[in-house]
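Comments concern the structure below.
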DNA sequence: AAATGGTTTAACCAATTGGTCAAAATTAAA
DNA sequence: TTTAATTTTGACCAATTGGTTAAACCATTT
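Residue numbers (our numbering), protein chains in the order written: chain X, 1 to 203; chain B, 204 to 406.
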């Protein structure tokens, strides 16, 4: 119904995203991207000089999306437990909508670790704010004494890992019943939240 | 000192493992594997018919290593907390020694999800035993009521994820100070253990 | 020493791949 | 309409890649 007209460049980016996310840099073929976009292969080189340049555009975008954004939640003076609840729900929701994103980022990050340093500096996300919030919460005595970095990684781990290993989980824990897996992933929003809070709250 | 003589086949497997783990199937080059093994490229095809066959050998091995083995700990009648402690320590230790293993497995699993079904069936690992132990522990009243599958995934998540995203963690949380990251990974043995137990133990 | 069977090599091949280039098609400007 | 600029295409290329093959090498047996 709502037929959106895409410019050729947007069209290419959309197609490149699809192919790169699914096949990675080495596995992706310029011809396949062109086919996906319904254009001639030469056009890819007309808009983006090379495969690397095109990939760079896709990767930068994916990487920024992969980095957790919690700015809004931090500004409003919510409690740490509220922040955790909101973040876990929003992040898992985003991952469900972009199931190929984590594999893509993790894979390319490890394939080419050097390149990310620049991207990181450009990404304007700083985890230090969150760290200080956690620390102040410890001092206030609302949560146990825990290294903020470990806590942050713990939360991220439990959100992202199931998406990364979905095929294994499907085959292993759920006998290839994909519907059950989907349900399982949905459940994790509440499960991860309560698991974390349960672990750090002082009683 | 202890100079070990490797057969050509073992030599090839060793080289293939190194290259495949670092570059993945698409990124790996048969010539590079041959160079790494110090032999002619044709020898690869002499011992293994094709790139796919050679890859299969490497992948099967990696996949089995990636799957958590907890058989011994389960047979001896240890408590759940002891099992968790032992497992987390052993698994993270293994991951430290094989830093490329998780990326490799996760990447190829997602690139070719269909193939793993056979491998899973051949791998002879069943998580059901662990699930029943967790369930009985819940009935005994030593831990809170929690879905065993979620608990298992939580533990695995927190062990594997930091290894998978090491380059991001290095750049982001530790300003590229690799020594600090190494320390951080080591710390996770105790951190993950206590985080989990803290979350599920009934007081 | 000659024959035999497994191992290793160098040269080569067909197919694929990222990329180029000049011409055609389309759009905008005059 | 004509001209100029931009966009799109098809044909083509050089380099790479997985794989083949016949010959050389080597150890063992006869």
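We put the CB at the ideal spot given by N, CA and C, even for glycine.
Keep in mind the model is a prediction, meaning the values are calculated, not measured.
Item: Among B:372, B:219, B:332 and B:316, the one whose alpha carbon lies nearest that of residue 355 (chain B); Value: B:332
Item: Inter-stretch contact (C-beta, 8 Å, three-pair minimum) for the region 255-270 of chain B and the region 278-285 of chain B; Value: no
Item: 8 Å contact criterion, which residue 134 (chain X) and residue 80 (chain X) should meet: CB distance rounded; Value: 7 Å
Item: Euclidean distance between Cα positions of residue 195 (chain X) and residue 404 (chain B); Value: 11 Å
Item: 8 Å Cβ cutoff, residue 280 (chain B) in contact with chain X; Value: no
Item: For residue 141 (chain X), the first and last residue of its enclosing alpha helix (DSSP H); Value: It is not in any alpha helix (DSSP H) - residue 141 (chain X) carries neither H nor E in the DSSP assignment.
Item: Where residue 106 (chain X) meets chain B, residues with beta-carbon distance less than 7 Å; Value: 306, 309, 367 and 368
Item: Listed by chain order, chain B residues near residue 65 (chain X) by CB distance under 9 Å; Value: Those do not exist, as residue 65 (chain X) stays about 13 Å from chain B at its closest Cβ, beyond 9 Å.
Item: Distance CB(residue 222 (chain B))-CB(residue 212 (chain B)) smaller than 8 Å; Value: no
Item: Residue 267 (chain B) - DSSP class collapsed to helix/strand/coil; Value: helix
Item: Closer than 9 Å at the beta carbon, the chain X residues around residue 227 (chain B); Value: 24, 26, 27, 107 and 111
Item: Rounded separation between residue 303 (chain B) and residue 126 (chain X) - CA only; Value: 27 Å
Item: Rounded separation between residue 310 (chain B) and residue 349 (chain B) - CA only; Value: 30 Å
Item: Endpoints, alpha helix (DSSP H) assigned at residue 229 (chain B); Value: 211-230
Item: Cβ-Cβ separation, residue 391 (chain B) to residue 21 (chain X) (assumed contact under 8 Å), whole Å; Value: Not confirmed; about 29 Å, so no contact.
Item: Distance CB(residue 290 (chain B))-CB(residue 156 (chain X)) smaller than 8 Å; Value: no
Item: Distance CB(residue 84 (chain X))-CB(residue 163 (chain X)) smaller than 8 Å; Value: no
Item: Identity of the residue in X:199, X:159 and X:154 nearest residue 186 (chain X) by Cα; Value: X:159
Item: Cβ neighbour criterion (16 or more within 10 Å) applied to residue 154 (chain X); Value: buried
Item: Beta-carbon proximity of residue 312 (chain B) to residue 168 (chain X), cut-off 8 Å; Value: yes
Item: Nearest residue (CA-CA) to residue 293 (chain B), options B:385, B:271 and B:339; Value: B:271
Item: Buried versus exposed call for residue 210 (chain B) [16 or more other C-beta atoms within 10 Å across all chains shown]; Value: exposed
Item: Under the three-state DSSP convention, the category residue 69 (chain X) falls into; Value: coil
Item: Chain B residues whose Cβ lies nearer than 9 Å to that of residue 160 (chain X); Value: 360, 364, 367 and 368
Item: For residue 26 (chain X) and residue 344 (chain B), believed in contact at Cβ under 8 Å, the rounded distance; Value: Going by Cβ atoms, the distance from residue 344 (chain B) to residue 26 (chain X) rounds to 52 Å, so no, they are not a contact pair.
Item: Within 8 Å, strictly: CB atoms of residue 383 (chain B) and residue 377 (chain B); Value: yes
Item: Nearest to residue 66 (chain X) (by Cα), restricted to the options X:54, X:191, X:93 and X:166; Value: X:93
Item: Interface partners of residue 376 (chain B) on chain X, CB under 7 Å; Value: 127 and 149
Item: Buried versus exposed call for residue 227 (chain B) [16 or more other C-beta atoms within 10 Å across all chains shown]; Value: buried
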